[in-house]
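Residue numbers (our numbering): 24 to 192. Each residue gets a CB set at the ideal place from its N, CA and C atoms; glycine is no exception. Being a predicted model, the structure only gives us computed values, none of them experimental. What follows is a short report on a single structure.
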Ligand SMILES: [Zn+2]
């Protein structure tokens, strides 16, 4: 299941490549002029994303894909990097091969000479799932290392306060 943040980034990435989003079951098209403003999403993009999420907008989907945003947020779907261009694409959880990446009809794509689209750093930090889990494991390793160090240097396992003052000396 793709998180709302993942789907939002998926839409943002493809806007940056020039794709549009269809809303109201394909009757209307949305394409913000700007996606990023300094180090965050533009207010225009945020407003567009809220419109996409709104139940009043009916089925919304990225140009060149069959999966609606609603489907991507259901347990049946994930958003994973495309094998060809590394852009986020819909992937069915069952492992069944789905339609082509939206990149198939983008000219000169993937283009190694151009910088890949990237999203604001601030929003990357909120990526759920894998990156959070990795950070958690990093922290655990750090804690384990510290505990190892403490056990090596003191015969009696110190209380937390003693560890704190010990490190400060
Ligand atoms: Zn691709």
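Query, Result
"Collapsed DSSP secondary structure at residue 73 in the structure displayed", "helix"
"Inter-residue Cα distance where the pair is residue 79 and residue 60", "27 Å"
"Three-state secondary structure assigned by DSSP to residue 152", "No answer about residue 152 holds up, because its pLDDT of 49 lies below 50 and its placement is not dependable."
"Spatial neighbours of residue 64 in its chain, beta-carbon cut-off 7 Å, leaving aside the 5 residues before and after", "35, 58, 143, 146"
"Segment contact, 8 Å Cβ cut-off, at least three pairs: the segment 37-45 with the segment 68-86", "yes"
"Beta-carbon spacing of residue 127, residue 30 below 7 Å", "no"
"Short Cβ contact (7 Å threshold) for residue 114 with residue 103", "yes"
"Residue 100 - containing beta strand (DSSP E), residue span", "100-104"
"Burial state of residue 56, where buried means 16 or more other Cβ atoms lie within 10 Å", "exposed"
"Option nearest residue 77 by Cα separation, candidates 139, 98, 48", "48"
"Cβ-heavy atom distance, residue 193 to ligand 1, below 6 Å", "This structure cannot speak to residue 193, because the chain is shown only from 24 to 192."
"Any non-hydrogen atom of ligand 1 within 6 Å of residue 24 CB", "no"
"Continuous alpha helix (DSSP H) stretch holding residue 39: start and end", "27-40"
"Selected residue, minimal CA-CA separation from residue 132, among 40, 62, 112, 53", "40"
"Same chain only: Cβ atoms within 6 Å of residue 112, ignoring 5 sequence neighbours per side", "105, 124"
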